[in-house]
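In this note's numbering, the protein residues as written are 12 to 270.
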């Protein structure tokens, strides 16, 4: 992994327009396995993609893809505790990154990649892909960017507008898997937080929003509460400093598919 010390308003890794075969998945349906392999490596635990694929097949966690409920089980198998959430939101996502946790989400790949790059496999706004969210750039509250590590394309750190990301994410019911602990500082000296009791000392602001307000009042909104979910303009308003920006828009849900 390439380490880069984040700017004060980038929560996680800063964007790099780099393609890497070390990031690119070997098989067309191992995006969730490859994402877990990359996270294991961040924690200093090294396996090949084929080794993890064989383990996943042996345990019934992989068969033409990985079901959402099985995303993270390879991490648990190798000693990294995880949590899974459906109907998460951008507030929850940024809070996990702010704590140094690693995050995998389910997305509709066609909405990120575009038909001009890859043929869209699903035409029904369905999630078909898993990737790592590596950072969120709130330096411009009017143009918040989400930075992903995408095993499907081999992009090490690819930047999308928050609107583009949320449109793709909501097709998985905003599925999110997070590690419960940050990467140990010995492996990630720049991006890890030294402890859960010191978030404000490390990230004083989320955009124009003081982190203590974000952390105490917003980030732990019920993950399963359907109102509102994944409403990107709410987050943009908050990072711009508008405490009254919260809307009550709703969204449609669907049954998660294989990643």
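Even glycine gets a Cβ: it sits at the ideal position worked out from N, Cα and C.
Straight-line CA distance for residue 116 to residue 65? One C-alpha to the other measures close to 22 Å.
Taking the C-alpha atoms as reference points, what is the distance between residue 103 and residue 182? Taking C-alpha positions only, residue 103 is separated from residue 182 by approximately 17 Å.
First through last residue of the alpha helix (DSSP H) which encompasses residue 2: Given a span of 12 to 270 for the chain in the structure shown, any question on residue 2 remains unanswerable.
Output needed for residue 67: all residues of its chain with C-beta closer than 8 Å, excluding positions within five of it in sequence on either side, in chain order. Hits under 8 Å: 44, 73, 77, 81, 84, 85.
Residues sharing a beta bridge with residue 140, DSSP: Bridge partners of residue 140: 118.
Does residue 59 pass the burial test, meaning 16 or more other C-beta atoms within 10 Å, or should it be called exposed? Exposed: under 16 other Cβ atoms inside 10 Å.
Helix or strand or just coil, what does DSSP make of residue 183? In the three-state DSSP reduction, residue 183 falls in the helix class (H, G or I).
Closest to residue 53 by CA distance: which of 111, 149, 29, 40 is it? Out of 111, 149, 29, 40, 111 has the C-alpha closest to the C-alpha of residue 53.
Using only the alpha-carbon positions, how far apart do residue 57 and residue 51 sit? Inter-residue distance for residue 57 and residue 51 is about 6 Å (C-alpha atoms, whole angstroms).
May I ask you to report which of helix, strand or coil DSSP gives residue 68? In the structure shown, residue 68 sits in a helix (DSSP, three-state: H, G or I).
Buried or exposed: residue 119, going by 16 or more other Cβ atoms within 10 Å of its Cβ? It counts as buried.
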